[in-house]
Structure formats: C-alpha cells, structure tokens
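There are 2 protein chains.
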Amino acid sequence: MTWIDLPDGTPFGPDNLPLGVFRLGDEEPRIGAAIGDHLIDLAPVASAQMLDGSQLFNQPTLNAFLALGRPAWKATREWLIDLVRNENNRDAVEPHLVPRSAVTMLLPFEVADYVDFYASEVHATNLGRLFRPDSEPLLPNWKHLPVGYHGRAGTVVASGTDIVRPSGQRKPPTADTPTYGPSQRLDIEVELGFVVGTPSKLGTPVSVDAFEDHVYGVVLVNDWSARDLQAWEYVPLGPFLGKSFATSISPWVVSLEALKDATVPLPRQDPPVLPYLQGDLKNPDITFEVHWNGQLVSTPPYSEMYWSPAQMLAHLSVNGASVRTGDLYASGTVSGNAKDQRGSFIELSWGGREPITVNGEERTFLQDGDEVTITGWATASGGARIGLGEVTGRIAPAVS
Amino acid sequence: MTWIDLPDGTPFGPDNLPLGVFRLGDEEPRIGAAIGDHLIDLAPVASAQMLDGSQLFNQPTLNAFLALGRPAWKATREWLIDLVRNENNRDAVEPHLVPRSAVTMLLPFEVADYVDFYASEVHATNLGRLFRPDSEPLLPNWKHLPVGYHGRAGTVVASGTDIVRPSGQRKPPTADTPTYGPSQRLDIEVELGFVVGTPSKLGTPVSVDAFEDHVYGVVLVNDWSARDLQAWEYVPLGPFLGKSFATSISPWVVSLEALKDATVPLPRQDPPVLPYLQGDLKNPDITFEVHWNGQLVSTPPYSEMYWSPAQMLAHLSVNGASVRTGDLYASGTVSGNAKDQRGSFIELSWGGREPITVNGEERTFLQDGDEVTITGWATASGGARIGLGEVTGRIAPAVS
C-alpha cells in the first residue's frame, strides 16, 4: 500500500493522510501530512515538483488551503496518495519525512466562528435530567431542529495546551447568593468538530446536499465545561463562561474524503423533519476512547447521533447566516446508550453522585493535574482504520 | 476650535475625531478620521510627516491600529487634535480632506469574537414578561452577573448593508408542530458596542480597572432579531438563528478618550456585586434616536444601564477567557423606563399587541422595504456633542 514503514495499528495509514501545522525547532510553522509515525513536510516536496500553489503549504495555518474548495482538496488528496503509494516518489519524499516525535503540532487553522451543537439524544436527555430534574428532559424543540449556540472562537486551543481551572460565580441550590471561586465541577465533552473550507454568501442558505462542498474535514474536540458556572449562568441566554475558557482540538484535520467509506445511516428521525433538513442523512462511523489519567473510562460511538453534520450546517445557515473559511462547528457531546459510552464526566458520575474509579482513586469531576486524552477512529468499508489522532489536555490550578 | 468649516450640529466636531475605513472610487480602502462633513485621509498626511507607523492607516481595517494599545491610541488622538486645531497644519491636511458624501464606509474592523450582553434592567424585565409570562421576569442570576452569550462574528455587517429577511422554524404556542418560513416578527435591538484593541492572555482575567487599557472605543449596534425564530429555538442553549443572520454596526469608532468627560455614575446595584465586579462603575452618557422609515420612534438612554461596560469585560474574562484585538461586545438592548425609550419593537409594540403608527401606517414588526436608522450622541461636560454617527439598514424580502 505504501513504501513508507508503518507501525501496526497506526491511525495514519495511506488512506488517511490528514493535514496539520507543525513546528520543527526554530523553523517557521508549516503544513504537513501525517503518515504512520512521520509527517511529510509538504512545502519543499510541492516546491520541488513546481506544483501550482505550493506556497500554500508554507503557511502557519490551513486556512488558505481550506479556502480553495473541493476540487483543490480532491486534487491534493490524489497527489498525497500518489506520493505515499508510488515507489517512484520515494526519492522526492523521503528527505522530507519528519518523525512526528520531533515536532510540535499547532492549532491547525484559525477559527472563524465556533458553533456547538447538542446532537446526541442520549446526552441531551441525560443533561436535561441533571440540570432540570423537575421537567421533561428533552425540550419540545429538540427533535425538530439541531439545537446549538455560538462558542468562543478565540479560546479554541491546540491539543496539549494546559487548561487553567476557571474561576467564576456558582450558586448551589441551597445557597441564597452566589460565591466566587474556582470551578468545583470541571468536566469534559467528547465531540466531533467539522471544519468549513468553502465560504457561503450572506443571505443564501447552504442546503443539506451541499455539505461536502463546504466542509473539508473533521477534528476531535474536547469542549471543557465548568458545570457549576454553567448551571448558574445559563438562563435565559445559554452557556457562556461555563464553556468559554477553553476548547481543545486535535492537530490533524481528517478529510471527509478519507472518511467517505466510513459512514452509517442516521438513526430514524421521528417526528419527520422539515424539508430543509431532509437529504444526506448519514453519520461518520467514529468510535472515541476517553482516557482519564491513562485509564480508558468511556468509548462513545458517533453512529448514534440523532442529527447529521449536513443537517447541522443546513440549520445554522437556513436564516441566511454565511459561513467562512475556518468556521468550526462541533457535534455536541457524543454519548451512547451504555453507561461506559457517556461522553462527559457529569454523565459518567451522574451529577457527581456516582463516582468512578480511576487508577484506584475515586473521581467525579477533574482534579488539578488530571490529564484527559480523547482518541477516535473510523473503520472504512475495506477494514482500513482511519484515525483522528488525539486531543489531550492537563488541568492546571486556578489562578489565585 | 478648528480651521475646518463645520456644519451646525455635526456629530463629528474637533473633540471627537472617530476613526473608520472608507473606500473612495476604485482606490484601496484605508483609514480616515471624521470631521464635520469631511474625513481626513490619514495615510498620506501621516506619510508626508514621516510618522512612525504611518502605514497603519493604509489598511482595510483598524485592527493593526487597535492592536497598538493605549499609549499609541493617545498619541494618535493628540496628533489628530493638533491637525484640526492648529492652523499651521492647514496646508498639510486640506488636500486630504475628502467629503464624506463621496466615499463608501466599510466595516471598520475585522470582528474576532462577538459577545452580546443583556445589561438593561428595563429591557430584561420587558423581555421576561413577553417570553415567559408565567414566571418572574428577571431570573435569579440577573442582578449578580451581567448575563451574556456569544453571537456570530462573521455576520456583523457594515451600516447600510441590506438585511435579508431570515427564514427558519417558528411554532406559535397554539400549534402542535413548527413550520418553516420567513420570520413574521423581525425586530431591531438598539445597542452600544465596545471594541477591544489590546489582547489579554489566556488564563488571566481582565480586571474592572483595566477596561480602558483594553477597550479602544464604541460603535452603534443594531442587533437584528427574529423573535419568532428566537422564541422557539432558545431553550436551553440560548439565541442562535434568531440573531445570527445579521448584526449591523456604525462605521465610525468613537474612542473612550473622546467620551471620557461624558460619563454618568452607574445606577445603584442592589444586591451588592461580588468583588471582581466592583470598581469603575460608570456608563457613557449616550442618548440614541431610533428612526423607522424616517420617523423618530424612540430615544433610549444609555445612562440607565444596570451593568457597566467595565463590569461586562471583567465578567467575560473572569474564567480566564482571553480577549483579542477586534473583539466586539455589545451592551444588549438599551431601553429606558418611558415607553418612548424602548430599544426594540417587541417592547414598543408590546409583543405586537399595541401597534405603533409610523408615517400614518400601523407597525408592529418590520415589513419588507422598511428602513431603520439609529443615531447616538454623548454630551461632554463642556457641552460639546460627541456623536456616534448612525447605523442603518433596510429589510430585503426573504429568499424564496
């Protein structure tokens, strides 16, 4: 399949070829493609071949590449596949294979707008039970539209960035007034993020069928959440400080093209959705693994998500809102039906009332020094594993 | 005061000198300072004087200037004041005075993150009564923190941009299921927007007292709102499509420095706020005028706002969220106690039940072709009027 040596079980085989931005020593950041334990330093390879647009790889973000649109994405993917499969390219590529252990991976793109959805029925039901125990867990709108909101683009950070425990206001139900202090209920959310390449025009909705024309690929997202801040602040305008301190994303953007054989039909939507949400109803078939201080604590399955990514894009633009290159929209927490498939610790520990054991210690929410690593992969029809790599972060103490 | 002829009642006297981005014919967009009916084309003036950083004015946005920080903002203001007051500068400046009627004003800065607050007690109370008639209008958190949420930065548009009527889902209380179609309850929100220049560091809150180190100035904001879309979608994660189709801002950014003598003490906050929200408790003393198809329908006063802009910034960053150059945060709708001081049409028409008469026609919400222009000005201690100019927009029919 490829002339490059690949370790067993690598997330980055010759069918994947995700793109990211790396820094090697003191050199300027630029774009690479992951293959096995290496990356291909694309700028010098493209430059030596005198490719049109080779300077696009000599950039500190993927944004210029993303803006090129689908035909260029496909042409680039075909070029990459030829580089790694065709033995004739060995001499041109081998000098530019860099061990991934030698580089620092940066934020892969500059985030324009960040939207967070809420597309898992299991997660929305669990959170409804925990946040609003006295009413129906799913609100009346939930099965009619993919509920979402805008998050903070400026605090989307690269995998590996320390997460400083946020401080803010929280009010336990039994207290009369709020107090200020570090969050005591710091949590994760396992999500899949969709990266927009091709912009749309203000006033013109993006149809469900145009999803692959606009979205280049996916990243892993950990939407860190301070549940105590969130519970006090979120009415009536939604989550704000409970989420805005940090959102971590994985460094490698995996293309939809690489995932195209790794999809499953959407679960049945009942009641039927309005026409603008009908069409391309499939989900990427991705399984996540959540490692808390190295211990596997959950394996959320993307296949059970109620709303498809194409529906999310159609909904967020149905009012004429434009999308831009670098827009990121995330699925919302991915939670499966089984307890060990829940994608947040508030669900795994059922609001903190049912601690889980991590390396022999009881845990409900995150403690200082805790590290969470989320991985994910899809299995394509031929059995090839298309990995998303990982997104990781460690909790640093609150600033006093 | 100035050697430049000024028309009576101009918003842009020699104490104001707001900055904006203009396009003159086919020339590249660049930065100007407004004075009376003219603007000073700053790039050639600064270049002829061989000023450091004169290339900053030869830019299509104010972002590079905003990033310079407060000492540079003050030095620039002193230079501008000298240009317009000192007769000796006439020969250097006069050739670069451009009639404002000859240019197109563009979006003055590239918006990084956009946050919208909800800082008027009158407005929050009115909306609570209209959206949640069966419960207390102000929710328990409202007087403890400035409630806010993130809006869509990519759809902040220049004044004068047509507003295409958004379509989407709405469900009247009496219907069983939602329908899709153009919004029937299209509204405005009169707001003041605060423009961040100096960035902050992730993990480090911005204190109340550091407000003027980070915020350069203000713009007028019209946060167009589709009330029917908003009412159906907004639980539990807040407003999304009801707001994200467009937010218009005025072209001239008025500096805090120009407004420094035009402030009033904040209304009393009771209960007392937490220590991180204590400190610089004043509001700019701005009065707005709302013109609907040319008729003055409301004059909201900023002086009655419950939360100060410094408190909003301290709150939005108290969890360690960083701010970036180009961040825009808006006050939320400005509504005064009197009926003719309400800053939205849902309040002026009390949910559509009490139409108002505009040029002899009954109006509740916006009709296609309607135009709304919001102006605003502050009165400095010496009596000088510091105008914000205007933000305007006309409703275009929904895309079918």
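Going down the list, the protein sequences come from chains C and L.
Heads up: the first sequence begins at 1 in full-length UniProt numbering, then just goes up one per residue.
Heads up: the second sequence begins at 1 in full-length UniProt numbering, then just goes up one per residue.
Just so you know, even glycine gets a beta-carbon here, dropped at the ideal spot from N, CA and C.
All values reported here derive from a predicted model rather than from experimental measurement.
Taking C-beta to C-beta, are residue 59 of chain L and residue 30 of chain L nearer than 8 Å?
yes
Where do the N-terminal and C-terminal ends of the beta strand (DSSP E) with residue 117 of chain L fall, by residue?
114–117
Is the stretch 209–224 of chain L in contact with the stretch 117–133 of chain L, if contact means three or more CB pairs nearer than 8 Å?
no
Looking only at its chain, what residues have a beta carbon closer than 8 Å to the beta carbon of residue 449 of chain C, apart from the 5 residues adjacent to it on each side?
A query on residue 449 of chain C cannot be resolved here, the shown segment of chain C reaching from 1 to 400 and no further.
Run through chain L and tell me which residues come within less than 8 Å of residue 233 of chain C, C-beta to C-beta.
141, 145 and 147
Do residue 309 of chain C and residue 245 of chain C have their C-beta atoms closer together than 8 Å?
Result no, Cβ atoms of residue 309 of chain C and residue 245 of chain C do not sit closer than 8 Å.
May I ask you to report which of helix, strand or coil DSSP gives residue 126 of chain L?
helix
Report the CB separation of residue 422 of chain C from residue 112 of chain C in whole angstroms; it is logged as a contact under 8 Å.
This structure cannot speak to residue 422 of chain C, because chain C is shown only from 1 to 400.
Taking the alpha carbon of residue 202 of chain C as the reference point, which residue from L:171, L:175, L:206 and L:247 has its own alpha carbon closest?
L:247
Along the stretch 203–224 of chain L, where does the CB come closer than 8 Å to a CB of chain C? Name the residues.
203, 204 and 205
Apply the 10 Å Cβ neighbour rule to residue 50 of chain C and answer buried if 16 or more other Cβ atoms are within range, or exposed otherwise.
Counting Cβ neighbours within 10 Å, residue 50 of chain C comes out exposed, since fewer than 16 surround it.
Indicate whether at least one CB of chain C lies closer than 8 Å to the CB of residue 245 of chain L.
Yes, residue 245 of chain L counts as interfacial toward chain C.
Since residue 322 of chain L meets chain C, which of its residues come closer than 7 Å, beta carbon to beta carbon?
154 and 155
So which residues of chain L does residue 269 of chain C contact, with C-beta pairs closer than 8 Å?
Within chain L, no residue comes near residue 269 of chain C; the closest Cβ sits about 13 Å away, beyond 8 Å.
State the Cα-Cα distance for the pair residue 352 of chain C and residue 362 of chain C, rounded to the nearest angstrom.
11 Å
Using a Cβ cut-off of 8 Å, pull out every chain C residue sitting near residue 177 of chain L, in sequence order please.
144 and 271
Could you pull the DSSP bridge partners for residue 148 of chain C from this structure?
C:117
By DSSP, does residue 399 of chain L sit in helix, in strand, or in coil?
Residue 399 of chain L falls in the coil class under three-state DSSP.
Compare the C-beta of residue 439 of chain C with all C-beta atoms of chain L and state if any pair is closer than 8 Å.
This structure leaves residue 439 of chain C out entirely; chain C is present only between 1 and 400.
Would you say residue 345 of chain C faces chain B, with C-beta separation under 8 Å as the test?
Here the protein chains are C and L, and chain B is not one of them.
Can you check whether the CB of residue 116 of chain L is closer than 8 Å to the CB of residue 151 of chain L?
yes
Just how far apart, CA to CA, sit residue 107 of chain L and residue 160 of chain L?
10 Å
Check whether the stretch 180–195 of chain C and the stretch 326–338 of chain C are in contact - that is, three or more C-beta pairs closer than 8 Å.
yes
In terms of alpha-carbon separation, which member of L:306, L:121 and L:314 lies closest to residue 241 of chain C?
L:314
If you follow the alpha helix (DSSP H) that residue 97 of chain L is part of, which residue opens it and which one closes it?
Run containing residue 97 of chain L: none in the alpha helix (DSSP H); it sits in the beta strand (DSSP E), 97–99.
Counting along the chain, where does the alpha helix (DSSP H) carrying residue 282 of chain L start and finish?
Where residue 282 of chain L is concerned, there is no enclosing alpha helix (DSSP H), although the beta strand (DSSP E) it sits in stretches over 282–284.
Residues of the stretch 108–130 of chain C with a CB closer than 7 Å to any CB of chain L: list them in chain order, please.
Cβ contacts with chain L come from 112, 113 and 118.
Determine contact between the stretch 54–73 of chain L and the stretch 25–43 of chain L, defined as no fewer than three beta-carbon pairs at a distance below 8 Å.
yes
Taking DSSP as the reference, what is the three-state secondary structure of residue 206 of chain L?
Note: residue 206 of chain L maps to coil in three-state DSSP.
Which chain C residues are close to residue 169 of chain L, counting only those with a beta carbon under 7 Å from its beta carbon?
144, 145 and 274
Can you tell me the Cα-Cα spacing of residue 7 of chain C and residue 375 of chain C, whole angstroms?
17 Å
Let me know the secondary structure DSSP gives residue 213 of chain C once reduced to three states.
helix
Please report how far the alpha carbon of residue 126 of chain L lies from the alpha carbon of residue 92 of chain L, in whole angstroms.
53 Å
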